[in-house]
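Chains as they are written, first to last, in this note's numbering: chain D, 58 to 210; chain Z, 2 to 502. Here the structure is laid out as structure tokens; the discussion comes afterwards.
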């Protein structure tokens with residue numbers, strides 16, 4: 058955990074510095090008449106300082122006092138996690154092209170399979186029913202305009 | 002109009018069939034959310050927020066508020082029967098509730114939890130009704146400097162009342178504050194951190210952030226480590242507590258109401274803190290504190306009452322000051338905004354029907370929860386058997402639909418997934434999401450108040466000292482901030498954080 062705390066601290070410091078640099082490109086204004094860059098500038102400095110303190114704390118704190126010793130990242134099921142994230146991003150990317158019905162159907166098949174790998178036909182039926190139910194409730198009843206995609210539905 | 006007339010007018014609205022329907026829907030859905038581990042009231046409200054476009058404003062808030070306090074009722078069921086809290090405010094109920102169930106007393110534990118919740122909730126609404134209007138009258142006199150002081154105090158309290166590391170809460174809040182600056186500057190119209198992306202010109206929408214942080218990240222956590230649920234094999238019977246249980250619990254219920262309501266009404270206070278505080282007080286005042294954790298009914302009655310009273314108290318800052326006291330209330334502000342209504346003191350004056358309609362619906366909702374929940378406990382137990390592997394695709398699906406329907410944009414869906422990932426990393430690293438989200442909401446309010454105040458005062462910072470209310474808020478914020486650095490408070494935070502985890 059100590060290692061990850063240091064990495065998080067470095068990441069936070071970088072973000073803070075980036076915020077400071079970006080806000081300098083905006084008009085900072087004056088102390089008594091702040092411009093659009095003033096508050097982001099102050100936030101950037103605060104973030105940098107706090108993350109620095111966080112990093113220092115992770116170096117100084119004794120092993121016995123460390124709240125968590127082991128790594129926070131998963132040793133098992135991490136492939137499921139990555140799979141779900143990739144599937145979600147793919148869905149977002151393809152939503153407009155494939156349309157709601159097809160893209161969400163494919164996503165549901167994958168998610169149900171991740172939940173419990175089994176017979177494809179059962180998974181397909183579960184996914185189809187889910188998509189149909191949400192389409193009726195959200196698309197027809199609540200009139201949410203879903204993208205139609207190349208299928209035009 | 003006097004108070005009684007307002008209340009009667011409120012009931013006329015809340016008892017309309019359409020509002021009764023939404024109230025029932027809200028409390029049942031809320032209880033369901035409370036029962037199911039893996040999604041809390043914030044996630045559930047975020048899911049339903051875009052859907053509420055098509056529902057009248059009063060009904061929307063009645064529905065969403067019902068989910069909030071309904072979840073407080075439902076959360077105890079899993080704590081008692083499965084030893085897994087359905088939502089964070091029911092964590093402490095596990096300690097004695099589950100032990101009662103193991104001793105064959107699941108019925109009285111569930112019964113006293115529902116009755117305590119009803120008493121806490123109903124007295125909480127009474128407090129809300131009596132306190133919000135006079136507080137609103139005071140708040141109507143607030144200008145930009147007072148709002149700056151209030152936001153500073155709210156943010157400080159939020160960080161102060163957070164769990165675990167103070168430094169991490171602070172970092173979380175600053176990240177949220179920084180995110181609030183994305184979009185066009187309110188005063189000059191200049192683009193800030195938009196990276197040339199058209200969709201970012203109006204800033205990041207609240208809903209995708211909420212859904213990502215509280216919906217998607219929760220699912221990711223559970224995909225990685227599936228929830229193991231083992232429902233205790235005992236007959237749930239004798240739901241109504243006997244005379245001895247009543248005698249043992251009544252003091253805890255009344256104390257829980259006062260503690261919960263007071264903590265809920267503080268910006269930054271939450272049902273989680275209220276339930277822990279109530280448990281700590283009960284243990285302190287008990288003649289046999291060593292028995293706590295072995296199945297003492299007071300250990301269930303107090304916290305369960307407190308978390309419901311806190312849920313009602315949390316509406317005070319919303320109605321009286323127009324600021325969120327916790328994440329769920331922030332979402333309700335989002336719901337008001339979707340309907341073009343700005344909650345706060347002016348709303349109470351200009352749209353009293355809305356305020357009183359919502360408040361009186363809470364009486365109705367609490368009564369519905371008491372009447373329906375006890376007989377439906379068997380149903381909730383059955384729902385607990387729905388495996389998470391079936392549930393998580395559905396939760397993700399609702400998140401995707403919800404985020405998409407805000408602006409009919411796939412960009413919002415991408416934002417939600419990104420914030421889901423950030424939320425997951427935050428949870429893993431022990432950072433709290435609430436300070437980030439609330440600072441994100443309050444950030445623009447803070448910046449506007451600061452710049453407006455300096456325009457009013459022609460650049461003089463003395464305005465923050467010479468206006469007594471603002472000076473009071475800022476002094477209180479400073480004292481609270483500094484007190485966090487004292488070893489006693491630091492230790493308390495860490496103990497609370499450890500107990501919760």
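The beta-carbon is built from N, C-alpha and C at its ideal position, and this holds for glycine as well.
query = Alpha carbon to alpha carbon, what distance is there between residue 186 of chain D and residue 201 of chain D?
reply = The straight-line gap separating the alpha-carbon atoms of residue 201 of chain D and residue 186 of chain D is approximately 19 Å.
query = Using Cβ-Cβ distances below 8 Å, what residues of the stretch 175 to 187 of chain Z are close to chain D?
reply = For the stretch 175 to 187 of chain Z, which is checked against every Cβ of chain D, the residues closer than 8 Å are 175, 176, 178, 179, 182, 186.
request  = Quick one: which residues of the stretch 89 to 105 of chain D get their C-beta closer than 8 Å to a C-beta of chain Z? List them in chain order.
outcome  = Across the stretch 89 to 105 of chain D, CB contacts with chain Z closer than 8 Å involve 89, 90, 91, 92, 93, 94, 96, 97, 100, 101, 103, 104, in sequence order along the chain.
task = Kindly indicate if chain Z contains any beta-carbon less than 8 Å away from that of residue 161 of chain D.
result = Interface residue, yes.
ask   = Do we get a CB-CB distance below 8 Å when we pair residue 340 of chain Z with the residues of chain D?
value = No - not a single Cβ of chain D is within 8 Å of the one on residue 340 of chain Z.
request  = Find the residues of chain Z that neighbour residue 181 of chain D, judging by a C-beta separation of less than 9 Å, and give them in chain order.
outcome  = Proximity of chain Z to residue 181 of chain D at the Cβ level (cut-off 9 Å) is not reached, the minimal Cβ distance being about 13 Å.
ask   = With burial defined as no fewer than 16 other Cβ atoms inside 10 Å of the residue's Cβ, what is the status of residue 78 of chain D: buried or exposed?
value = Under this definition residue 78 of chain D is an exposed residue.
As assigned by DSSP and simplified to three states, the class of residue 193 of chain Z = Three-state DSSP puts residue 193 of chain Z in a strand.
inquiry  = Can you pull the chain Z neighbours of residue 195 of chain D, defined as C-beta to C-beta under 7 Å?
reply    = Going along chain Z in sequence order, the residues near residue 195 of chain D (Cβ under 7 Å) are 402.
query = In terms of residue numbering, what span does the alpha helix (DSSP H) encompassing residue 256 of chain Z cover?
reply = Where residue 256 of chain Z is concerned, the enclosing alpha helix (DSSP H) starts and stops at 244 to 266.
query = Do you know how far the Cα of residue 405 of chain Z is from the Cα of residue 447 of chain Z?
reply = Computed Cα separation, rounded: 29 Å.
Sufficient close CB pairs (3 or more, under 8 Å) joining the stretch 86 to 104 of chain Z to the stretch 289 to 303 of chain Z = The stretch 86 to 104 of chain Z, when compared against the stretch 289 to 303 of chain Z, does touch it at the 8 Å Cβ threshold.
message = Applying the 10 Å Cβ sphere with the 16-neighbour rule, what's the burial state of residue 135 of chain D?
response = Classification of residue 135 of chain D: exposed, given that the 10 Å Cβ count is below 16.
ask   = Which residues mark the beginning and the end of the alpha helix (DSSP H) in which residue 225 of chain Z is found?
value = Run containing residue 225 of chain Z: 218 to 225, per the alpha helix (DSSP H) assignment.
message = Going by DSSP in three states, residue 184 of chain Z sits in which element: helix, strand or coil?
response = In the displayed model, residue 184 of chain Z falls within a strand according to three-state DSSP.
request  = Pick helix, strand or coil for residue 17 of chain Z, following the three-state DSSP scheme.
outcome  = Here residue 17 of chain Z sits in coil by DSSP.
query = Thinking C-alpha only, which one of Z:320, Z:281, Z:61, Z:25 is nearest residue 347 of chain Z?
reply = Nearest option by C-alpha distance: Z:320.
task = Report the residues of the stretch 143 to 154 of chain Z with a CB closer than 7 Å to any CB of chain D, ordered along the chain.
result = Listed by position, the residues of the stretch 143 to 154 of chain Z near chain D (Cβ gap below 7 Å) amount to none.
query = What distance in whole Å lies between the Cβ atoms of residue 93 of chain D and residue 191 of chain Z, which are believed to be in contact at a cut-off of 8 Å?
reply = Between residue 191 of chain Z and residue 93 of chain D the beta-carbon gap is near 5 Å, inside 8 Å, which marks them as a contact.
key: Limits of the alpha helix (DSSP H) - the one that residue 74 of chain Z falls within   = 58 to 83 is the extent of the alpha helix (DSSP H) around residue 74 of chain Z.
ask   = Between the Cα of residue 1 of chain Z and the Cα atoms of D:177, D:140, D:132, D:91, which residue gives the shortest distance?
value = The structure shown does not extend to residue 1 of chain Z, since chain Z is modelled only from 2 to 502, so the question has no answer here.
inquiry  = I want to see whether chain Z comes within less than 8 Å of residue 201 of chain D, judged by CB atoms only; does it?
reply    = For residue 201 of chain D, a Cβ of chain Z is located within less than 8 Å of the residue's own Cβ.
key: CB of residue 125 of chain Z within 8 Å of CB of residue 258 of chain Z, strictly   = Judged by beta-carbon spacing, residue 258 of chain Z lies within the 8 Å limit of residue 125 of chain Z, meaning their Cβ atoms are closer than that value.
key: Whole-angstrom distance between residue 36 of chain Z and residue 385 of chain Z, CA atom to CA atom   = Taking the straight line from one Cα to the other gives about 7 Å.
Sheet register partners of residue 87 of chain D (DSSP bridge) = Beta bridge pairing from DSSP links residue 87 of chain D with D:90.
request  = Identify the contact partners of residue 130 of chain D in chain Z, using a Cβ-Cβ distance below 8 Å as the criterion.
outcome  = Chain Z residues near residue 130 of chain D: 429.
request  = Please state whether DSSP places residue 141 of chain Z in a helix, a strand or coil.
outcome  = Residue 141 of chain Z: coil per DSSP, three-state reduction.
message = Buried or exposed for residue 138 of chain Z, going by 16 or more other Cβ atoms inside 10 Å?
response = Answer is exposed; the Cβ neighbour count stays below 16.
query = Of all the options Z:418, Z:487, Z:366, Z:480, which has the alpha carbon lying nearest to the alpha carbon of residue 65 of chain Z?
reply = For residue 65 of chain Z, the nearest C-alpha among the options comes from Z:366.
query = Considering only residues of the same chain and omitting the five flanking positions on each side of residue 173 of chain Z, which have a CB-CB separation below 6 Å?
reply = Non-local beta-carbon contacts of residue 173 of chain Z in its own chain, meaning distances under 6 Å to residues more than five positions away in sequence, involve 432, 433, 436, 437 in chain order.
ask   = Roughly how many angstroms lie between the CA atoms of residue 60 of chain Z and residue 314 of chain Z, to the nearest whole one?
value = If you take the alpha carbons of residue 60 of chain Z and residue 314 of chain Z, they lie about 20 Å apart.
ask   = Residues in the stretch 461 to 489 of chain Z with C-beta within 8 Å of chain D's C-beta atoms, listed in sequence order?
value = Within the stretch 461 to 489 of chain Z, the residues whose Cβ lies closer than 8 Å to some Cβ of chain D are 461, 462, listed in chain order.
query = Does the beta carbon of residue 207 of chain D sit closer than 8 Å to a beta carbon anywhere in chain Z?
reply = Cβ-Cβ to chain Z under 8 Å: no for residue 207 of chain D.
ask   = Who are the near neighbours of residue 169 of chain D in its chain, counting only those whose CB is closer than 7 Å to its CB and skipping five residues on each side?
value = Cβ within range, chain order: 180, 183, 184.
query = Cα-Cα, which of D:148, D:75, D:159 is closest to residue 209 of chain D?
reply = Answer by Cα proximity: D:159.
query = Are the beta-carbon atoms of residue 335 of chain Z and residue 215 of chain Z separated by less than 8 Å?
reply = Against a cut-off of 8 Å, the Cβ pair of residue 215 of chain Z and residue 335 of chain Z comes out as no contact.
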